[in-house]
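Residue numbers (this note's numbering), protein chains in the order written: chain A, 1 to 225; chain B, 1 to 225. Worksheet: one structure, shown below.
2 protein chains.
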Amino acid sequence: MGAVKTKRMPRAVREQQMLDAAVRTFGRRGYMAASMDEIAELAGVSKPLVYLYLNSKEDLFTACIRREAAALTEAVRAGVRREAPADSQLWEGLGAFFTHTAQNPDGWAVLHLQARTHGEPFASEVAAMRAEIVAFVTQLILAAAREAHRDPDLPESEVAGLAEALVGAAEALADWANATPGVTAREAAATLMNFSWSGLGNLMAGRPWSPPAGAQPVAAHEVSG
Amino acid sequence: MGAVKTKRMPRAVREQQMLDAAVRTFGRRGYMAASMDEIAELAGVSKPLVYLYLNSKEDLFTACIRREAAALTEAVRAGVRREAPADSQLWEGLGAFFTHTAQNPDGWAVLHLQARTHGEPFASEVAAMRAEIVAFVTQLILAAAREAHRDPDLPESEVAGLAEALVGAAEALADWANATPGVTAREAAATLMNFSWSGLGNLMAGRPWSPPAGAQPVAAHEVSG
Chain A
1 MGAVKTKRMP RAVREQQMLD AAVRTFGRRG YMAASMDEIA ELAGVSKPLV
51 YLYLNSKEDL FTACIRREAA ALTEAVRAGV RREAPADSQL WEGLGAFFTH
101 TAQNPDGWAV LHLQARTHGE PFASEVAAMR AEIVAFVTQL ILAAAREAHR
151 DPDLPESEVA GLAEALVGAA EALADWANAT PGVTAREAAA TLMNFSWSGL
201 GNLMAGRPWS PPAGAQPVAA HEVSG
Chain B
1 MGAVKTKRMP RAVREQQMLD AAVRTFGRRG YMAASMDEIA ELAGVSKPLV
51 YLYLNSKEDL FTACIRREAA ALTEAVRAGV RREAPADSQL WEGLGAFFTH
101 TAQNPDGWAV LHLQARTHGE PFASEVAAMR AEIVAFVTQL ILAAAREAHR
151 DPDLPESEVA GLAEALVGAA EALADWANAT PGVTAREAAA TLMNFSWSGL
201 GNLMAGRPWS PPAGAQPVAA HEVSG
């Protein structure tokens, strides 16, 4: 009777169970070390059924990346009220981001660590998600510049760099928060707002930081090769 | 005669040539896809000689990580005058960091992308380097707090988070600068100082950012599992 129940489970539900098991295994063991045997056992299904539904380890990993990337961007999008002031939007977006990464540490490990370094098409899947988040943050910073009634001609390269810095800081803080007992999503978001927002605010208001007198010069010529 | 010259080349010099070729190949192709044939050819030596000197692909990769990590931390350390004010030290350290990562994009790719996701002992090699840099930045931020003659009891967890945020932002900006034509090390460093320093300065002076009235609440309970 148990077997009959199992067989009647809809394919979509069964697939989600496989993906749950796969995200957990890939996130904790890494892509290379994860075995299809372990994933099937954790999902409570046979290994041939995993291959029947999801074709290969590569396709299973791609499906994990897509599901986790969609869940993360949806969580951030849902957490932000687009009509709110820019700093509220950033605060809400960061809060939603850190809440989601804390609640889904294995999914975050798949996206941030595993997906980026095992070649195509994995890297391009996660790069597309990251580009979407950077574009969203860039728009927030541009909106803040407009709200400040200041330089609407702030070079896009400068804003792109700020958005990259903020996303990179958020990624590092999510890793840190997940590895550090007692750190809440709220604390991580507040740390990043403290770190960044006043600085951005000063920049928008035309008060950029400038090197103090006596500081060593930094090469201004382009050095990337 | 060329052959005689080649044979007389000291082992240390030959090893550095092999490591140069290996860093370039690992950085551009990734650890898995890089072949010992390609590395030997690029170094202008036979494959057996690479194995004789560096034992295995794993040991060669470890040697690359160690050399590139030591070069990066040494570049940052050498770029900072420890007696300077905290913001000058941070500016000089960031300038040295972005100059080094721009001049050594393959070494940076080995450290930031490749080394972290191919299991032990690679991950722990690069984690040790990163911890050293985070500790250095933490000290800078603590020094800034002392200079500001404010709260010397600023919780270490808060400072640790700020240092993580700054290092994460610098990592993301190095990737971005290396992938974006026309971005100089000076611009990357100035972007990060603009982004972070005024915010840190306000925080140190007891003016933290706080959520605006009407912002959505962010969960204050710990959610990491």
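The beta-carbon is built from N, C-alpha and C at its ideal position, and this holds for glycine as well.
Check, Outcome
"Starting from B/TYR53, trace the alpha helix (DSSP H) both ways and give me its first and last residue.", "47-54"
"Is there at least one Cβ from chain A nearer than 7 Å to B/TRP176's Cβ?", "yes"
"Mind checking if B/LEU52 is an interface residue toward chain A, Cβ cutoff 7 Å exclusive?", "no"
"Mind listing the chain B neighbours of A/SER124? Cutoff is C-beta to C-beta under 7 Å, in chain order.", "In chain order: nothing, as chain B lies at least about 14 Å away."
"Take the Cβ of A/SER35 as the centre, count every other Cβ of all protein chains shown within 10 Å, and call the residue buried at 16 or more, exposed below.", "exposed"
"Looking at B/GLY95 and B/ALA189, is the spacing between their C-beta atoms short of 7 Å?", "yes"
"Is the beta carbon of B/GLU92 sitting closer than 7 Å to the one on B/GLY79?", "yes"
"Below 8 Å between beta carbons is the criterion; list the residues of the segment 104-115 of chain B that meet it against any residue of chain E, in chain order.", "The chain inventory of the structure shown lacks chain E, comprising the protein chains A and B."
"Determine, for B/LEU19, whether the minimum Cβ-Cβ distance to residues of chain A falls below 7 Å.", "no"
"When you compare only the Cα positions, how much space is there between B/ALA143 and B/VAL45?", "50 Å"
"Could you tell me the alpha carbon to alpha carbon distance between B/ARG81 and B/ALA75, rounded to whole angstroms?", "12 Å"
"Using 8 Å for Cβ pairs, my map puts A/THR73 next to A/ILE133. What's the rounded Cβ distance?", "7 Å"
"Output the boundary residues of the alpha helix (DSSP H) element that contains A/GLY119.", "Looking at the DSSP string, A/GLY119 is not in any alpha helix (DSSP H), and its letter there is neither H nor E."
"Do the CB positions of B/LEU192 and A/ALA165 come within less than 7 Å of each other?", "yes"
"May I ask you to report which of helix, strand or coil DSSP gives B/GLU275?", "Lying outside 1 to 225, the shown extent of chain B, residue 275 of chain B is not represented and no answer is given."
"Which bits of chain B does A/THR73 rub up against, with CB to CB less than 7 Å?", "Going along chain B, no residue has its Cβ under 7 Å from A/THR73, so there is no contact; the nearest lies around 18 Å."
"Can you tell me the Cα-Cα spacing of B/ASP20 and B/TYR53, whole angstroms?", "14 Å"
"Going along the segment 29-50 of chain B in order, which residues come within less than 9 Å of chain A, judged by CB to CB distance?", "GLY30, TYR31, MET32, ALA33"
"Could you confirm whether any beta carbon from chain B is found closer than 7 Å to the beta carbon of A/SER56?", "no"
"Identify, in the order they occur along the chain, each residue of the same chain with its Cβ nearer than 6 Å to the Cβ of A/LEU90, setting aside the five sequence neighbours on each side.", "LEU140"
"How close, in whole Å, do the beta carbons of B/ARG66 and B/GLU125 come, if the pair is a contact with beta carbons under 8 Å?", "6 Å"
"Assuming A/GLY44 is part of the alpha helix (DSSP H), what are its boundary residues?", "Neither: A/GLY44 is in no alpha helix (DSSP H) and is coded neither H nor E."
"Could you please give the first and the last residue of the uninterrupted alpha helix (DSSP H) stretch that includes B/GLN16?", "11-29"
"Chain A partners of B/ALA188, CB-CB under 8 Å?", "GLY161"
"Could you name the residues of the same chain whose beta carbon sits closer than 6 Å to that of A/SER196, not counting the 5 residues immediately before and after it, in chain order?", "LEU166"
"Hey, out of B/ALA43, B/ASN178, B/THR180, whose CA is closest to B/ARG14's CA?", "B/ALA43"
"Please check if any C-beta of chain A sits within less than 7 Å of the C-beta of B/LEU140.", "no"
"A/MET18: buried (16+ other C-beta within 10 angstroms of its C-beta) or exposed?", "buried"
"So which residues on chain B does A/VAL76 lean against when the C-beta distance must stay under 8 Å?", "The contacting residues do not exist; A/VAL76 stays about 12 Å from chain B at best."
"If we ignore side chains and look at the alpha-carbon of each, how far apart do B/HIS118 and B/ALA102 end up?", "24 Å"
"May I have the straight-line CA-CA distance separating B/GLY107 from B/PHE97, to the nearest angstrom?", "12 Å"
"Would you tell me roughly how many angstroms separate the C-alpha atoms of B/ASN104 and B/THR25, rounded to the nearest one?", "13 Å"
"Does any residue of chain A bring its CB to less than 7 Å from the CB of B/THR244?", "Outside the shown range of chain B (1 to 225) lies residue 244 of chain B, about which nothing can therefore be said."
"Mapping DSSP to helix, strand and coil, what is A/PRO105?", "helix"
"Taking Cβ positions only, does B/THR62 come closer than 7 Å to chain A?", "no"
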